[in-house]
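Asker: Next up is a structure, given as structure tokens.
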Amino acid sequence: NAGVTQTPKFRVLKTGQSMTLLCAQDMNHEYMYWYRQDPGMGLRLIHYSVGEGTTAKGEVPDGYNVSRLKKQNFLLGLESAAPSQTSVYFCASSRQGKRFAGSQYFGPGTRLLVL
Amino acid sequence: DAKTTQPPSMDCAEGRAANLPCNHSTISGNEYVYWYRQIHSQGPQYIIHGLKNNETNEMASLIITEDRKSSTLILPHATLRDTAVYYCILWKTSYDKVIFGPGTSLSVIP
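Protein sequence lines, in the order shown, are assigned to chains Y and S. Using our numbering, the letters of the first sequence map in sequence onto residues 7 to 121. Using our numbering, the letters of the second sequence map in sequence onto residues 345 to 454.
Structural data, given as structure tokens:
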């Protein structure tokens, strides 16, 4: 099993450009999450999904949109990138059922630089 | 609002036990204590979790005080590969998500 994979690994954008980050998991997990990590800030939750076709806002959702059209994929979109969105983005997943949501499996991260 | 507090950094000599403290004085009765770690540039990795009793697995031990207001993660024989940021998190089944704080940066020194 590949676990949780993220595409791309690194990207440079200009202010105002758009892009989509892809997260895929092959563990048949029901829950999926998108986090961002900035220096000295720890991880902050952007959006999450508790099942196919569902999404919910996390701590810092502004400027991002998400979609969960397939159970194994969770997409994070930036419609108009800003320098403040320069960060490392991590995707995670957890097993079905709320009692497993504390145990999350993380991907390797996507490093995004917005100029 | 942070529900756990951890020291920002700690050092540990290689081969010695690393004891990482976490304060969670406002923990509720059905909140679990979870520990994750993040080795430089990698995604976080789940280590261990517990509710009331002490727990041990192949990676670490978790000691939770009787009043559950604090806990300690113990790496029994720290190696250089244990150098990482360690996160203490509270979670319960009514939560759909976990909130990570800044964690403790552990440096294992040769």
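Ideal placement from N, C-alpha and C gives every residue a C-beta, glycine not left out. Just so we're clear, the structure is a prediction, and the values are computed from it rather than from any experiment.
Tell me whether the beta-carbon of residue 66/Y lies closer than 8 Å to the beta-carbon of residue 89/Y.
Answerer: No, they are not a contact pair.
Asker: Give every residue of the same chain whose Cβ lies closer than 6 Å to the Cβ of residue 39/Y, excluding the five residues on either side of it in the sequence, and list them in chain order.
Answerer: Closer than 6 Å at the Cβ level, and outside the excluded window around residue 39/Y, lie 54 and 98.
Asker: What distance in whole Å lies between the Cβ atoms of residue 72/Y and residue 82/Y, which are believed to be in contact at a cut-off of 8 Å?
Answerer: Indeed they touch by this definition, with Cβ atoms about 6 Å apart.
Asker: Nearest by alpha-carbon distance to residue 436/S: which of 445/S, 377/S, 362/S and 449/S is it?
Answerer: The shortest Cα separation from residue 436/S among 445/S, 377/S, 362/S and 449/S belongs to 377/S.
Asker: 8 Å is my cut-off, CB to CB: does residue 396/S come that close to chain Y?
Answerer: It does not; no Cβ of chain Y falls within 8 Å.
Asker: Please check if any C-beta of chain Y sits within less than 8 Å of the C-beta of residue 430/S.
Answerer: Cβ-Cβ to chain Y under 8 Å: no for residue 430/S.
Asker: Give me the Cα-Cα distance between residue 17/Y and residue 35/Y, rounded to the nearest whole angstrom.
Answerer: About 27 Å.
Asker: Find out if the Cβ-Cβ distance for the pair residue 450/S, residue 356/S is shorter than 8 Å.
Answerer: It is a contact, given that the beta carbons lie within the stated cut-off.
Asker: Below 9 Å on C-beta distance, what does residue 38/Y contact in chain S?
Answerer: By Cβ distance, chain S contributes nothing, its closest Cβ being about 11 Å from residue 38/Y, past 9 Å.
Asker: Check residue 345/S in the structure and name its three-state DSSP category.
Answerer: In this prediction, residue 345/S has a pLDDT of 48, which is less than 50 and means its spatial position is unreliable; what the coordinates show is noted afterwards. Coil at residue 345/S, not helix or strand.
Asker: Looking at chain Y, is there any beta carbon in it that lies within less than 8 Å of the beta carbon of residue 345/S?
Answerer: Caution is warranted here: a pLDDT of 48 is assigned to residue 345/S, below 50, making its placement in the model unreliable, and no coordinate value can be reported.
Asker: Pick out whichever of 348/S, 446/S and 362/S has its Cα sitting closest to the Cα of residue 405/S.
Answerer: Of the listed residues, the one whose Cα sits closest to residue 405/S is 362/S.
Asker: In this structure, does DSSP put residue 425/S in helix, strand or coil?
Answerer: Three-state result, residue 425/S: helix.
Asker: Under 8 Å between C-beta atoms, does residue 45/Y make it to chain S?
Answerer: Judged by the 8 Å Cβ criterion, residue 45/Y is not in contact with chain S.
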